Amino acid sequence: MFIQITYVAFKPLALFTLAIEFFLIHLLFVLITPQPHLHLHLHLICISLTSHLHLYKAIPLTHNRVPRVIRISNASSKQILLKNHQDAILQLQGHSPSPPLSFCAASMADSRERIRGPSRDGREFLTSPRQVLRRLMLLSEGRQYREAAGVVGRLGPSVLRSVIAELPLDLLLEHLPHSAYLLESFFTRLTTLNTTPKPDVPSETVAWQLVRLFANPHESGLRQRCTRLLQALAQYEPGLRQTLRERRRSFDNAVQGLGVHGLTTDASGQLISLHVALKTELQRHVDTYKMAIHKLEELSMVTVNQDPAHSSHQRLLAINYGDIQQRLIDNKTLLTMLDKPALKQLQTLVENLSTRVENDKEVLTCVGQVRRLDSQALVEKRPAAGLLMNFSRGCEVVLNMMGPEGGPPGSSHSIGKNTSPGGASTSSCSDGYHSDDSGSDDGSEMVSLYRNLYVENRADALEALDSLPQIKHAHSLKGKILFSMIVLSFRLCHGMRERKVLEVRRVLNCPLDSSSETTLSLDRSVRQHLFETAESFPLGEIERSVFNQVLSTLHEYPCLESCPPLTHYVSACVRLAWRMINQKAPYYLDMDFNLGFLRPEKHERHPQADRRSDLIKAFLWPALMQNNQCAFKAVVAT
Numbered sequence: 126m127f128i129q130i131t132y133v134a135f136k137p138l139a140l141f142t143l144a145i146e147f148f149l150i151h152l153l154f155v156l157i158t159p160q161p162h163l164h165l166h167l168h169l170i171c172i173s174l175t176s177h178l179h180l181y182k183a184i185p186l187t188h189n190r191v192p193r194v195i196r197i198s199n200a201s202s203k204q205i206l207l208k209n210h211q212d213a214i215l216q217l218q219g220h221s222p223s224p225p226l227s228f229c230a231a232s233m234a235d236s237r238e239r240i241r242g243p244s245r246d247g248r249e250f251l252t253s254p255r256q257v258l259r260r261l262m263l264l265s266e267g268r269q270y271r272e273a274a275g276v277v278g279r280l281g282p283s284v285l286r287s288v289i290a291e292l293p294l295d296l297l298l299e300h301l302p303h304s305a306y307l308l309e310s311f312f313t314r315l316t317t318l319n320t321t322p323k324p325d326v327p328s329e330t331v332a333w334q335l336v337r338l339f340a341n342p343h344e345s346g347l348r349q350r351c352t353r354l355l356q357a358l359a360q361y362e363p364g365l366r367q368t369l370r371e372r373r374r375s376f377d378n379a380v381q382g383l384g385v386h387g388l389t390t391d392a393s394g395q396l397i398s399l400h401v402a403l404k405t406e407l408q409r410h411v412d413t414y415k416m417a418i419h420k421l422e423e424l425s426m427v428t429v430n431q432d433p434a435h436s437s438h439q440r441l442l443a444i445n446y447g448d449i450q451q452r453l454i455d456n457k458t459l460l461t462m463l464d465k466p467a468l469k470q471l472q473t474l475v476e477n478l479s480t481r482v483e484n485d486k487e488v489l490t491c492v493g494q495v496r497r498l499d500s501q502a503l504v505e506k507r508p509a510a511g512l513l514m515n516f517s518r519g520c521e522v523v524l525n526m527m528g529p530e531g532g533p534p535g536s537s538h539s540i541g542k543n544t545s546p547g548g549a550s551t552s553s554c555s556d557g558y559h560s561d562d563s564g565s566d567d568g569s570e571m572v573s574l575y576r577n578l579y580v581e582n583r584a585d586a587l588e589a590l591d592s593l594p595q596i597k598h599a600h601s602l603k604g605k606i607l608f609s610m611i612v613l614s615f616r617l618c619h620g621m622r623e624r625k626v627l628e629v630r631r632v633l634n635c636p637l638d639s640s641s642e643t644t645l646s647l648d649r650s651v652r653q654h655l656f657e658t659a660e661s662f663p664l665g666e667i668e669r670s671v672f673n674q675v676l677s678t679l680h681e682y683p684c685l686e687s688c689p690p691l692t693h694y695v696s697a698c699v700r701l702a703w704r705m706i707n708q709k710a711p712y713y714l715d716m717d718f719n720l721g722f723l724r725p726e727k728h729e730r731h732p733q734a735d736r737r738s739d740l741i742k743a744f745l746w747p748a749l750m751q752n753n754q755c756a757f758k759a760v761v762a763t
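Quick note on my numbering: the sequence shown kicks off at 126 and runs consecutively.
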């Protein structure tokens, strides 16, 4: 008995008929095969079909594509099918497969390997930058950054340079902090290999992206994720520290410059707007100049047609007593008109105006930098001071996480602890000074005086305010008055010191924007003199300015003007502020007064505050800073 199988070249109907015949033949095995092996029949059909297709490919065809008929004996067909069936069962039991099954298994294994990608060691891609880049991008899309970092850790110098040149770094920056592990592996590998010349890696862009993350509210685990990345970044590009310090200093200076746009004093000592003071002063100048011009016109009737020979040396020596007396009277009259003390205030007002213009330029420049760093910052709708302070804080966090160049970063100081002024000078008020061995004792004394100012002088002033009937029950107002006075004292003392330095430059005809070594040495000498004379320097002008600003704001409380303890408190604040900002390692106040959450490293809760809440309701006393470290924590109410 024969089974007739017809193979028709290039005829789909014949192939379909052949598949049906195979399926019917294998139904016989379903009836005789044990139940545990029923799932093999689909494999058997595929294997048998593959075997018969091999036979089909071996059939010779004529050039005119005439159908051929081949007769295969029933015994031969049964032998082939039985052999495939036995091989499948032997494979299930652990025996070696026959060649057709082995071929199918190998094909399936190859397919799995193509889907799975390269092996975990990644060695087969170490010499192909294009394949390495493709592999890294596939892993990054699946957020498998640790696996991608393992691939980077085994790259050679040439492959690493090629991969970095084509790597879309902006995509990795968008996924920070999740991609921090992969970025860290890049910078660590670059540092380890020490390739020359260095590849063009935008390390500063990575640093500013991290500053942007830390400038905004972030989750608690962000520091742990990014610490190693920042350390690797600082090791690869040591100059980033200085760049961040300078940018942070510019942010702090811009914030301080926003505070100089307040009221100014006129010739009588009253607080008025700068524009009003300029108008009044210019009007006074105009009136004086008109009088001087009128006087000169009167004198010109005598001197306009005078013979030049009368001004010769011989004639001047021949002038008699009466002529000399008249000339003295005329010149003294002009000098009295033009050399009035009140007229000298115009130069100060013009300098004040120039300072405000420069400060606003600095603020707009810094805000523009923030806009370029963070396009979603909404700089037009947010207060400029808060925005710049956030980014300054981001720079501070990044610098602390990088660590100093010579050792581990210093920790913050709490209330009651001595402050060591050592460490990197990153303060906006450092002015290039460095602390010496005796600075530690002076710093401890300054912190003690600042603490006593809060504990004793503030308490005395608060008790005096309690005795005033008009504000006896305005508890929050009394705290704000005392808080404003200490803040104004530091701000005005800092402005006074900078003005004194500029005045010396102006007197000696030094350019105000000069950065030569001679000019900087002159500035250091002036500051050294201010440091040595801090105890005896006259500060009455600043004391009156602080007191008048508070009184002009609270003009509805005239009782404040007749409160001697409050005047003593202002004097103590100004005197201590002047001493502290003129130290070799200057002290300054932390101007971040945002009512956010309590930060234990620089905030201390008032004993009578609500300890169940960490939300700050009011600042009672500002934090004292030195060299970017907290010397005295701010006292807050929660």
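In this text, a Cβ means the ideal position worked out from N, Cα and C, and glycines have one as well.
In this text the structure is predicted, and so the values were computed from the model without any measurement.
Is the CB-CB distance between A756 and H731 below 8 Å? no
Pick from A710, L285, V632, V523 that is closest to Q256, judged by C-alpha positions: L285
In three-state terms, what does DSSP make of I397? strand
Coil, strand or helix - C688 by DSSP: coil
Assumed close pair A357, T316 - CB separation to whole angstroms, cut-off 8 Å: 7 Å
Please say whether A659 and L513 have beta carbons closer to each other than 8 Å? no
Just to confirm, are S687 and E668 a CB contact at a threshold of 8 Å? no
Per DSSP, what are the beta-bridge partners of M703 in this structure? The sequence shown places Trp at residue 703, rather than the Met named in the question. According to DSSP, W703 bridges with nothing at all.
Own chain partners of I596 with C-beta closer than 7 Å, once the 5 adjacent residues on each side are dropped: L590, L602, K603, Y682
Report the rounded CA-to-CA distance for V277 versus R518, giving the unit in angstroms. 33 Å
Mark K758 as exposed unless 16 or more other C-beta atoms lie within 10 angstroms of its C-beta, in which case mark it buried. buried
Roughly how many angstroms separate the alpha carbons of M621 and L714, rounded to a whole number? 16 Å
If you run the structure through DSSP and keep just helix, strand and coil, what is R737? coil
Label A74 either buried or exposed according to how many other C-beta atoms from any shown protein chain fall within 10 Å of its C-beta, with 16 as the threshold for buried. Since the first and last residues shown for the chain are 126 and 763, residue 74 lies out of range.
What are the boundary residues of the alpha helix (DSSP H) that L296 is part of? 294–299
Use the C-beta contact count for H400: other C-beta atoms within 10 angstroms, 16 or more gives buried, fewer gives exposed. exposed
Would you call the stretch 699–719 and the stretch 745–755 in contact, with 3 or more CB pairs under 8 Å? yes
Spatially closest choice to R309 from T352, T330, V632, R259, by CA coordinates: The sequence shown places Glu at residue 309, rather than the Arg named in the question. For the residues T352, T330, V632, R259, the minimum Cα distance to E309 belongs to T352.
Per-residue burial, P302 [other beta carbons within 10 Å of its own, 16 or more giving buried]: buried
Roughly how many angstroms separate the alpha carbons of E272 and L307, rounded to a whole number? 9 Å
In the DSSP assignment, find the beta strand (DSSP E) that holds F744 and state where it starts and stops. 743–746
Between the stretch 732–740 and the stretch 605–613, can you find at least three pairs of beta-carbon atoms closer than 8 Å? no
Going by DSSP in three states, P192 sits in which element: helix, strand or coil? Its pLDDT being 41, under 50, P192 is placed unreliably in this model, and the value from its coordinates should be taken loosely. In the structure shown, P192 sits in coil (DSSP, three-state: anything other than H, G, I, E or B).
Opposing strand residues paired with T389 [DSSP bridges]: I397
Between A710, K742, M705, which lies nearest to G721 when the distance is taken from Cα to Cα? K742
Rounded C-alpha distance that separates G644 from P594: At residue 644 the sequence reads Thr, which differs from the Gly that was named. One C-alpha to the other measures close to 54 Å.
What's the call for D638, buried or exposed, on a 16-neighbour Cβ count within 10 Å? exposed
Between T368 and the rest of its own chain, which residues show a CB-CB distance below 7 Å, the 5 nearest in sequence each way excluded? E329
Any heavy atom of the ligand ATP closer than 7 Å to the Cβ of N341? The model on display carries no ligand, and the ligand ATP is accordingly not part of it.
Relative to the C-alpha of P327, which candidate in R337, L365, L347 has its C-alpha closest? L365
Contained alpha helix (DSSP H) runs [length at least 4] in the stretch 336–366, N- to C-terminal order: 347–361
Once you ignore the five residues that flank M526 on each side, which residues in its own chain have a CB closer than 6 Å to its CB? T352, L355
Run of the alpha helix (DSSP H) containing V523, from where it starts to where it stops: 509–527
Enumerate in chain order the residues of its own chain whose CB-to-CB distance from T458 is below 8 Å, with the five nearest sequence positions on each side excluded. K420
On the CB-based measure, 16 or more other CB atoms within 10 Å of its CB, does Y270 come out buried or exposed? buried
Cβ-Cβ distance between L647 and C635 below 8 Å: yes
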